[in-house]
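Structure record follows, encoded as structure tokens.
Residue numbers (this note's numbering): 3 to 271.
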């Protein structure tokens, strides 16, 4: 019995020694060099942890970094015409808001130095017409226009600087600017309830002046746009720049409020 007890105690002591040695190897910073078995185990565990962490990190990081640009790009890829139509509606409306508000901030001075202010009344139907034009007409047709320009450029074999020059000439002088400006004035007149003769007369009166302003404003913009911006984003550049252009166009050629005012005064008399 004493012999068996001593042997059992000896085995327990050996097992305890093994446990202490194992713990010391796991906790010791030198365990990587002193125990290859422990090193392999610890490295395997750490590798599994890092792989799990790295697999989870991109999804969370992408979700956090996914902002407006990525969101818009996704919609532009999935539904290009609808996305550009909505963008056009928003920016055409914004341009008309600017065109209505900014002139009221400019005060006219008479000869005595007194400042005269016109009573400002925001024209909601006018902005609604601009939004409708941007959504229904301008943006979808512009999408086709830019794709057509690209198709003609590829078919013509243009390269280098000849690409923006060719596209600008075609757009500004051959067909698009004449068509789009006539369409703008015609659509605005139609949405105001004018008849065909009145719309034609309005286009004749303002088209040439609009063309001159168009060439001064858009030729430099489009040369840079066609040279440096991918085709799929060229309309977006135009829509953003159109905030300024629409403001100028609406300010230069607003609805004929003065004529309507004269008619109302005659009715009052």
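Even for Gly, the Cβ is constructed at its ideal location relative to N, Cα and C.
Fewer than three Cβ pairs drawn from the region 121 to 133 and the region 67 to 76 lie within less than 8 angstroms of each other, which leaves the two stretches out of contact. Ranked by how close their Cα comes to the Cα of residue 125, the residues 144, 151, 213 and 98 have 98 in first place. Put simply, the backbone Cα of residue 157 is about 14 angstroms away from that of residue 148. In this structure, 180 is the residue among 180, 232 and 231 with its C-alpha nearest to the C-alpha of residue 216. Here residue 247 has 97, 219 and 220 as same chain residues with Cβ atoms under 8 angstroms from its own Cβ, once five neighbours each way along the sequence are excluded.
When the alpha-carbon of residue 245 is set against those of 91, 139, 201 and 229, the nearest one is in 91. Contact check for residue 241 against residue 93 passes: the beta carbons are separated by less than 8 angstroms. The three-state reading of DSSP puts residue 229 in helix, counting H, G and I together. Taking C-alpha positions only, residue 202 is separated from residue 187 by approximately 9 angstroms. Pairing residue 151 with residue 121 gives a Cβ-Cβ distance that is not under 8 angstroms. Between the alpha carbons of residue 195 and residue 222 lies a gap of roughly 35 angstroms. Judged by DSSP secondary structure, residue 72 falls within the alpha helix (DSSP H) whose first and last residues are 70 to 80. Counting the other Cβ atoms within 10 Å of the Cβ of residue 140 gives 16 or more, which makes it buried. Following the DSSP letters along the chain, one finds residue 124 in no alpha helix (DSSP H), marked with neither H nor E. Cα atoms of residue 193 and residue 79: separation of roughly 32 angstroms, rounded to the nearest angstrom.
Straight across, the Cα-Cα distance linking residue 87 with residue 236 is about 14 angstroms. Contact annotation: residue 146 and residue 184 have beta-carbon atoms that are not nearer than 8 angstroms. With at least 16 other beta carbons inside 10 angstroms of its own, residue 95 counts as buried. In the three-state reduction of the DSSP assignment, residue 162 falls in the coil class, being assigned neither a helical nor a strand state.
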